[in-house]
Amino acid sequence: MPVDTISVTDVVKAGTCPMQLYLAKSTETPYEEPIKYTVAKQLSYYLGDILSVEDIWEEGLKNMVPEDQPALTYLEKMVAACSKLTWRQAERYDVPVFSEKYGINGKVDRFFDDSFSLVKSGDAPTRGVYLSDRLRMVCYAVCLEEMFGKPFYGRIEYLGSGTIRSVVVEPQDRRALFLALRAAEKVLVGGIPKAVRGPYCTRCKFAETCSAVEKPKSLFSKMMSKA
């Protein structure tokens with residue numbers, strides 16, 4: 001059965017490691033939003049205004065998180081980092097986007113008339129942006145370009161370190177999107193992919209289970225691996 005529409009989140013998982021998407025779709029474990037991300041999302045609604053830990057906490061955040069979680073500590077750290085920069089106030093928040101051409105859909109965190117932002121709870125890398133974040137930005141950029149008939153550039157806002165990184169879509173980004181889409185489509189119609197090994201495996205919640213799911217190696221490949 002053909003895949004009609006794919007979420008940006010699934011595209012990013014497939015672009016990082018198709019096995020991650022396969023296992024995520026195979027498990028019945030409900031998604032639980034990380035506390036740190038909940039804090040970052042709530043803080044993002046105040047960017048462009050004077051940032052006050054007390055206001056953000058009392059106006060809703062304290063009712064969104066369990067009492068035994070260090071949400072207030074996360075908030076204090078993020079506000080301290082973000083207060084060092086001047087932020088644009090978004091025109092709209094959590095804007096649904098889609099592309100009929102690519103068959104993808106998602107939701108932009110912060111929308112402006114000429115650009116958009118993706119909110120992240122962690123610290124920025126030393127240079128540039130993380131590859132998974134870049135792929136997500138490319139997905140949103142092509143959606144907005146199709147919806148509004150003009151190019152959009154994106155920013156990734158790492159609220160953990162109070163860092164803003166801009167992303168301009170390059171031709172190689174569109175090629176990466178195509179490959180990620182193709183990988184996602186194969187998984188979503190039932191294919192069992194190969195895991196892509198890399199440093200991100202240490203942060204993957206499926207790291208202990210993916211090897212058992214992979215297709216068994218052929219006799220030839222087993223012999224070559226022992227050579």
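The letter at position 38 of the sequence shown is residue 38 when you use the working numbering, and the numbering goes up by one with no holes. Ideal Cβ positions, reconstructed from N, Cα and C, are used throughout, including at glycine. As the structure is a prediction and not an experimental result, all values here were calculated from the model.
{"Query": "Terminal residues of the beta strand (DSSP E) in which T163 lies", "Result": "163 to 167"}
{"Query": "Host beta strand (DSSP E) of D109 (start-end)", "Result": "104 to 111"}
{"Query": "S44 beta carbon less than 8 Å from that of V119", "Result": "yes"}
{"Query": "Candidates V12, K25, T9, of which the one nearest L188 by Cα", "Result": "K25"}
{"Query": "Classification of F206 by the beta-carbon crowding that lies within 10 angstroms, buried from 16 upward", "Result": "buried"}
{"Query": "Separation of R136 from K107, as counted between CA atoms", "Result": "10 Å"}
{"Query": "Three-way DSSP call (helix, strand, coil) for V8 in this model", "Result": "helix"}
{"Query": "Where G15 sits in the DSSP three-state scheme", "Result": "helix"}
{"Query": "Three-state secondary structure assigned by DSSP to Y158", "Result": "strand"}
{"Query": "Local Cβ density within 10 Å of L47, reported as buried at 16 or more and exposed below that", "Result": "buried"}
{"Query": "Cβ shell of I56 (< 8 Å), same chain only, five flanking positions each side left out", "Result": "Q42, L43, Y46, L75, V79"}
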